[in-house]
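Trainee: Next up is a structure, given as structure tokens.
In the numbering used here, the protein residues as written are 82 to 542.
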């Protein structure tokens with residue numbers, strides 16, 4: 082959820098501090114930053130929202146809350162002043178005999194237990210606030226999850242997070258059935274206002290141009306008659322080709338024509354440009370990117386171990402992921418660790434999974450929801466331009482594939498199954514647009530390196 086006050090200012094400040102490097106002093110700057118909780122991610126301060134909402138239209142994707150409580154165990158939720166006022170009025174501190182909020186680096190958060198779960202979570206996955214006062218009495222971040230608001234200059238796109246188990250399983254009602262509730266919740270997000278979207282660093286996109294990119298790319302991604310590996314290769318190839326485009330010369334309808342031409346050419350073009358397996362350095366870059374999608378510092382953990390030990394521990398774990406030698410470090414109670422990195426290389430690719438059709442369906446649905454919900458660029462992805470966002474989506478897909486193999490290795494499986502892909506996708510998508518280090522300069526440096534020598538295509542092999 083966007084911090085209050087000044088979400089854009091805080092995120093710029095966080096990114097400016099840098100992220101991990103190969104030296105601990107730089108890593109120290111990142112470790113104490115926390116990802117924002119379940120969020121709408123509005124980026125501009127202002128009055129009550131005055132722009133329409135566009136709920137994601139994807140019949141294959143359904144959602145209703147099934148009360149699993151996973152979001153209450155796995156997120157650090159930042160609070161606005163109205164949230165704090167409601168919590169005080171509800172009297173939880175007096176009733177529970179402990180604080181229900183925590184202060185960290187100038188922000189207020191819902192307090193967490195030692196295991197990272199919210200202090201207001203009851204047995205069976207129920208929220209105390211919801212049980213006694215109803216949905217509308219909860220902090221707005223908690224109400225909104227898994228919905229994600231990504232405004233452009235004309236409207237706010239309403240996407241959905243695959244960090245939710247019900248979203249992963251596409252269980253529940255048609256997304257349009259939730260429009261009234263989402264509209265009410267969006268009214269409680271005062272920062273929600275029109276936001277600028279860029280095609281590249283210098284060219285601002287109109288809403289119609291961003292739609293053209295989303296719609297033509299979706300036409301490629303949804304064609305399940307083509308192997309998923311081919312569609313992912315096409316995504317990476319498009320990201321690299323568009324980085325060379327001179328958008329000033331292809332505005333408006335001409336941009337749609339360019340996208341349609343590129344997408345139509347993909348089946349014939351890709352075989353003409355085969356790629357080699359990734360290099361050792363490219364594989365290390367992928368593993369480090371995957372690490373930072375798993376990493377999730379919690380306030381109790383940082384308070385217990387201290388900032389310096391937290392920073393050093395994070396640095397050492399990131400280096401072990403990059404080198405892929407020795408045991409896999411622990412990455413939280415809900416992710417396997419302690420087994421040898423070498424076991425990951427013995428796990429087959431997703432295409433050899435006995436659940437290959439279900440995996441194809443899930444990843445296709447995620448890719449389409451991300452693109453059509455405008456979560457791949459602009460306000461939906463750290464303010465990045467469309468071109469950079471498409472390249473980041475290819476990297477995120479590569480991280481999902483590798484983390485699924487890692488998860489399978491942790492369960493001593495020789496072949497990844499749907500459970501492994503769900504676990505990997507949930508971790509990757511929870512970080513995207515939320516964890517400030519995923520939008521940092523260090524992440525841009527990783528992408529810059531992977532753009533060289535077909536790196537994005539090679540890590541997706």
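The beta-carbon is built from N, C-alpha and C at its ideal position, and this holds for glycine as well. These figures come from a predicted structure and were not determined experimentally.
Enumerate in chain order the residues of its own chain whose CB-to-CB distance from residue 452 is below 6 Å, with the five nearest sequence positions on each side excluded.
Mentor: 295, 298 and 299
Trainee: State whether the segment 445–463 contacts the segment 129–143, with contact taken as three or more CB pairs (one from each stretch) at a distance under 8 Å.
Mentor: yes
Trainee: Is the separation between the beta-carbon of residue 351 and that of residue 315 shorter than 8 Å?
Mentor: The answer is yes: Cβ separation under 8 Å.
Trainee: Assign residue 530 to one of two classes, buried (16 or more other C-beta atoms within 10 Å of its C-beta) or exposed (fewer than that).
Mentor: Of the residues assessed, residue 530 falls on the exposed side of the cut-off, its CB having fewer than 16 other CB atoms within 10 angstroms.
Trainee: Look up residue 483 in the DSSP assignment and say whether it is helix, strand or coil.
Mentor: helix
Trainee: Can you list, in chain order, the stretches of the beta strand (DSSP E) that have 3 or more residues and sit fully within the segment 386–434?
Mentor: none
Trainee: Given a threshold of 16 other Cβ atoms within 10 Å of its Cβ, counted over all protein chains shown, does residue 258 qualify as buried or as exposed?
Mentor: exposed
Trainee: Using the C-alpha atoms, what's the distance from residue 488 back to residue 396?
Mentor: When the Cα atoms are used, residue 396 and residue 488 turn out to be separated by approximately 22 Å.
Trainee: Can you tell me whether residue 505 is helix, strand or coil according to DSSP?
Mentor: helix
Trainee: Starting from residue 189, trace the beta strand (DSSP E) in both directions and tell me its first and last residue.
Mentor: 188–191
Trainee: According to DSSP, is residue 128 part of a helix, a strand, or is it coil?
Mentor: With a pLDDT of 38 at residue 128, under the threshold of 50, the modelled position of this residue cannot be trusted, and the question is left open.
Trainee: Where do the ends of the beta strand (DSSP E) carrying residue 182 lie?
Mentor: 182–185
Trainee: Short check: CB of residue 344 to CB of residue 538, under 8 Å?
Mentor: no
Trainee: On a CA-only basis, which of 498, 143, 518 and 475 is nearest residue 311? Give me that one, please.
Mentor: 475
Trainee: Give the secondary structure of residue 142 by DSSP, where H, G and I count as helix, E and B as strand, and everything else as coil.
Mentor: coil
Trainee: Taking its Cβ as the centre, do 16 or more other Cβ atoms sit within 10 Å of residue 353, making it buried, or is it exposed?
Mentor: It is exposed - the Cβ of residue 353 has fewer than 16 other Cβ atoms within 10 Å.
Trainee: How many Å lie between residue 358 and residue 370 at the Cα?
Mentor: 18 Å
Trainee: Under 8 Å Cβ to Cβ from residue 437, same chain only, skipping five residues before and after it: list those, please.
Mentor: Same-chain partners within the cutoff: 431.
Trainee: Starting from the Cα of residue 159, find the closest Cα among 535, 528 and 516 and give me that residue.
Mentor: 516
Trainee: My output table needs one value for residue 106: the three-state DSSP class, helix, strand or coil.
Mentor: Confidence at residue 106 is low in this model, with a pLDDT of 34, below 50, so the placement of that residue is unreliable and no value is reported for it.
Trainee: Given a cut-off of 8 Å, decide if residue 449 and residue 139 are closer than it, judged by their beta-carbon atoms.
Mentor: Using a Cβ distance threshold of 8 Å, residue 139 and residue 449 count as a contacting pair.
Trainee: Given this structure, state the Cα-to-Cα distance separating residue 205 from residue 150, to the nearest angstrom.
Mentor: 8 Å
Trainee: Taking the alpha-carbon positions, what's the residue 197 to residue 536 distance?
Mentor: 36 Å
Trainee: Give me the Cα-Cα distance between residue 228 and residue 242, rounded to the nearest whole angstrom.
Mentor: 6 Å
Trainee: Short of 7 Å in beta carbon distance, which residues of its chain neighbour residue 379, apart from the five on each side in sequence? Order them along the chain.
Mentor: Within its own chain, the residues whose Cβ lies closer than 7 Å to the Cβ of residue 379, once the five positions on either side in sequence are excluded, are 157, 193 and 197, listed in chain order.
Trainee: Helix, strand or coil, according to DSSP, for residue 211 in the structure here?
Mentor: helix
Trainee: Taking 8 Å as the threshold (C-beta atoms), are residue 245 and residue 152 in contact?
Mentor: yes
Trainee: Could you please give the first and the last residue of the uninterrupted alpha helix (DSSP H) stretch that includes residue 300?
Mentor: 288–302
Trainee: Label residue 119 either buried or exposed according to how many other C-beta atoms from any shown protein chain fall within 10 Å of its C-beta, with 16 as the threshold for buried.
Mentor: A caution first: residue 119 carries a pLDDT of 39, below 50, which makes its placement in the model unreliable, though a value can still be read off. It is buried - the Cβ of residue 119 has at least 16 other Cβ atoms within 10 Å.
Trainee: Nearest-angstrom Cα distance between residue 107 and residue 393?
Mentor: Because residue 107 carries a pLDDT of 34, less than 50, the predicted location of this residue cannot be relied on, and no value is offered for it.
Trainee: Spatial neighbours of residue 433 within its chain, please: C-beta separation below 7 Å, excluding the five flanking residues on both sides.
Mentor: 496
Trainee: Which word fits residue 540, buried or exposed, when buried means at least 16 other C-beta atoms lie within 10 angstroms of its C-beta?
Mentor: Residue 540 sits buried, since 16 or more C-beta atoms from the chains shown fall within 10 Å of its C-beta.
Trainee: Is the distance from the Cβ of residue 405 to the Cβ of residue 368 below 8 Å?
Mentor: yes
Trainee: Label residue 148 either buried or exposed according to how many other C-beta atoms from any shown protein chain fall within 10 Å of its C-beta, with 16 as the threshold for buried.
Mentor: Of the other Cβ atoms in all chains shown, fewer than 16 fall within 10 Å of the Cβ of residue 148; this residue is therefore exposed.
Trainee: Measuring straight from C-alpha to C-alpha, what distance separates residue 409 and residue 161?
Mentor: 37 Å
Trainee: Grab me the residues of residue 164's own chain with a C-beta within less than 6 Å of its C-beta, minus the 5 sequence neighbours each way, in chain order.
Mentor: 220
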